[in-house]
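In our numbering, the protein residues as written are 110 to 560.
Cβ coordinates follow ideal geometry from the N, Cα and C atoms, glycine included.
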């Protein structure tokens with residue numbers, strides 16, 4: 110039996126250890142950092158940044174010298190035949206009576222059966238205005254892609270904050286209900302003693318036990334809500350849904366009061382990432398216009414070619430002639446004259462795009478102003494509501510305390526006490542909702558301000 114008990118203890122410790130290993134703890138900042146590492150949207154944004162870097166490298170390569178080497182080998186099964194007129198090489202020498210050739214052509218073959226060419230080609234861009242403007246634009250596009258990745262991370266942060274707060278509020282609601290259950294258990298125990306002494310009726314005890322059962326039902330419902338809130342948070346974090354997490358940050362640690370500038374300062378959109386992205390988009394389109402305009406200017410490129418040519422009937426006969434070099438160095442000037450108004454159309458479209466994005470920037474700035482104004486109003490209203498709910502909660506607690514004293518002294522009824530308890534529970538729920546709305550309003554205000 111002792112061995113069996115020892116085995117059971119070992120199994121319990123092992124199972125407990127496994128469960129403890131599966132439980133992972135997260136503070137709010139850790140949850141945000143985890144989500145930003147694991148989120149597929151963040152990963153996609155980071156891949157976009159990596160691709161933008163590759164695009165810059167690809168475009169930069171246009172202006173880097175290109176060096177190519179090649180080998181060409183030709184074997185003439187039939188050497189090309191040329192026809193030469195019979196009188197092509199007739200020389201009239203005075204004093205010599207040379208008969209004229211017969212009319213017609215002579216068949217002649219030139220060249221060797223084996224031709225081997227070793228060549229090296231070097232090409233480089235010297236001057237091209239559109240290339241340098243495009244290079245600047247490609248780097249600007251990469252920077253804008255980075256800012257878009259920052260925006261994705263910032264949006265993930267805001268989502269995690271709200272999901273995290275939802276769990277904290279649900280857990281705090283459970284703590285309040287558990288405290289209420291503990292309090293009513295004490296009252297029930299006292300009421301049983303009063304009932305045994307004939308000081309109260311059985312109906313009074315039944316009412317209290319009914320309140321107790323209602324609280325237990327609410328606890329069960331709240332446990333399911335907490336589980337759902339945990340699942341939503343894990344989903345937003347991209348954390349395995351089958352895993353277990355524990356939140357380490359308390360609700361009071363999350364909330365920080367905004368300063369005067371947040372609530373009354375001048376509204377500016379420059380702190381918002383969206384504004385930066387839109388301004389960068391405008392700059393890129395302006396560079397695009399400049400790039401098309403530079404297309405009217407000439408471009409200059411340079412090249413160098415060196416070849417070694419081997420011509421032999423027998424490729425491996427060293428007695429026959431060897432390699433003969435050919436080297437060419439040159440410049441190529443391209444002067445655009447008329448392109449059918451293609452560049453003019455591209456310039457016109459790019460300028461239209463610039464104007465469109467400027468209008469969108471204006472709408473964005475006005476939208477941010479509205480968002481900040483509304484966030485401030487919501488925060489102020491949430492602050493007032495929490496203050497009112499704190500006062501209501503203090504009043505409800507005093508009423509319940511007075512009602513219980515009257516009940517113990519026999520001058521109050523159980524109905525009055527039950528009503529006071531129900532009012533306290535409603536006030537507690539309203540206060541928690543007001544606290545949640547205030548914390549969320551603060552998070553929305555920070556987001557609107559671009560903090």
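Which residues DSSP lists as bridging residue i, in chain order
{"i": "residue 494", "result": "Answer is none; residue 494 lacks a bridge partner."}
{"i": "residue 355", "result": "134"}
{"i": "residue 420", "result": "224"}
{"i": "residue 413", "result": "231 and 438"}
{"i": "residue 214", "result": "194"}
{"i": "residue 462", "result": "Per DSSP, none; premise fails for residue 462."}
{"i": "residue 561", "result": "For residue 561 there is no data in the structure shown, the boundaries of the chain being 110 and 560."}
{"i": "residue 408", "result": "443"}
Local conformation of residue i per DSSP, three classes
{"i": "residue 315", "result": "helix"}
{"i": "residue 469", "result": "helix"}
{"i": "residue 446", "result": "coil"}
{"i": "residue 111", "result": "At residue 111 the pLDDT is 43, less than 50, meaning the model places this residue with poor confidence; the figure from the coordinates comes in the next sentence. Residue 111 falls in the helix class under three-state DSSP."}
{"i": "residue 365", "result": "coil"}
{"i": "residue 197", "result": "coil"}
{"i": "residue 273", "result": "helix"}
{"i": "residue 379", "result": "coil"}
{"i": "residue 522", "result": "coil"}
{"i": "residue 239", "result": "helix"}
{"i": "residue 249", "result": "helix"}
{"i": "residue 340", "result": "helix"}
{"i": "residue 515", "result": "helix"}
{"i": "residue 164", "result": "helix"}
{"i": "residue 148", "result": "coil"}
{"i": "residue 483", "result": "helix"}
{"i": "residue 542", "result": "helix"}
{"i": "residue 180", "result": "strand"}
{"i": "residue 433", "result": "strand"}
{"i": "residue 186", "result": "coil"}
{"i": "residue 401", "result": "helix"}
{"i": "residue 428", "result": "coil"}
{"i": "residue 560", "result": "coil"}
{"i": "residue 309", "result": "coil"}
{"i": "residue 347", "result": "coil"}
{"i": "residue 219", "result": "coil"}
{"i": "residue 476", "result": "helix"}
Same chain, Cβ closer than 6 angstroms to residue i, five either side skipped, listed in chain order
{"i": "residue 303", "result": "309"}
{"i": "residue 424", "result": "223"}
{"i": "residue 343", "result": "350"}
{"i": "residue 347", "result": "147 and 148"}
{"i": "residue 283", "result": "331"}
{"i": "residue 556", "result": "267"}
{"i": "residue 543", "result": "494, 495 and 498"}
{"i": "residue 376", "result": "478 and 481"}
{"i": "residue 175", "result": "232"}
Integer Cβ distance of residue i from residue j, believed to fall under 8 angstroms
{"i": "residue 93", "j": "residue 278", "result": "What is shown of the chain runs 110 to 560, which leaves residue 93 out entirely."}
{"i": "residue 195", "j": "residue 212", "result": "7 angstroms"}
{"i": "residue 300", "j": "residue 317", "result": "6 angstroms"}
{"i": "residue 613", "j": "residue 273", "result": "In the structure as shown, the chain starts at 110 and stops at 560, and residue 613 therefore has no counterpart that could be examined."}
{"i": "residue 280", "j": "residue 335", "result": "6 angstroms"}
{"i": "residue 430", "j": "residue 420", "result": "7 angstroms"}
{"i": "residue 405", "j": "residue 452", "result": "7 angstroms"}
Counted within 10 angstroms of its Cβ, other Cβ atoms place residue i as buried (16 or more) or exposed
{"i": "residue 504", "result": "exposed"}
{"i": "residue 560", "result": "exposed"}
{"i": "residue 558", "result": "buried"}
{"i": "residue 496", "result": "exposed"}
{"i": "residue 491", "result": "buried"}
{"i": "residue 288", "result": "exposed"}
{"i": "residue 485", "result": "buried"}
{"i": "residue 361", "result": "exposed"}
{"i": "residue 126", "result": "Only weak support is given to the placement of residue 126: the predicted model assigns it a pLDDT of 48, under 50, and the value that follows is read from those uncertain coordinates. So residue 126 counts as exposed."}
{"i": "residue 153", "result": "exposed"}
{"i": "residue 507", "result": "exposed"}
{"i": "residue 130", "result": "Unreliable placement is indicated for residue 130, whose pLDDT of 48 sits below 50; the coordinate value is still reported in the next sentence. Residue 130 comes out exposed."}
{"i": "residue 475", "result": "exposed"}
Close Cβ partners of residue i (< 7 angstroms) along its chain, the five nearest in sequence each way excluded
{"i": "residue 311", "result": "304"}
{"i": "residue 135", "result": "143, 354, 356 and 357"}
{"i": "residue 179", "result": "228"}
{"i": "residue 112", "result": "Residue confidence for residue 112 is low, a pLDDT of 45 falling below 50, so the modelled location carries little weight; the figure read from the coordinates is stated next. Taken in chain order, the list of residues that qualify is empty."}
{"i": "residue 160", "result": "none"}
{"i": "residue 168", "result": "243, 244 and 247"}
{"i": "residue 177", "result": "230"}
{"i": "residue 171", "result": "234 and 240"}
Neighbourhood of residue i by C-beta distance below 8 angstroms, restricted to the same chain and skipping five residues each side
{"i": "residue 190", "result": "216, 217 and 218"}
{"i": "residue 248", "result": "165"}
{"i": "residue 214", "result": "192, 193, 194 and 195"}
{"i": "residue 251", "result": "158, 161, 162, 164 and 165"}
Proximity test, residue i beta-carbon vs the ligand NAP heavy atom, cut-off 7 angstroms
{"i": "residue 275", "result": "In the structure shown, the ligand NAP is absent, as is every other ligand, since no ligand is present at all."}
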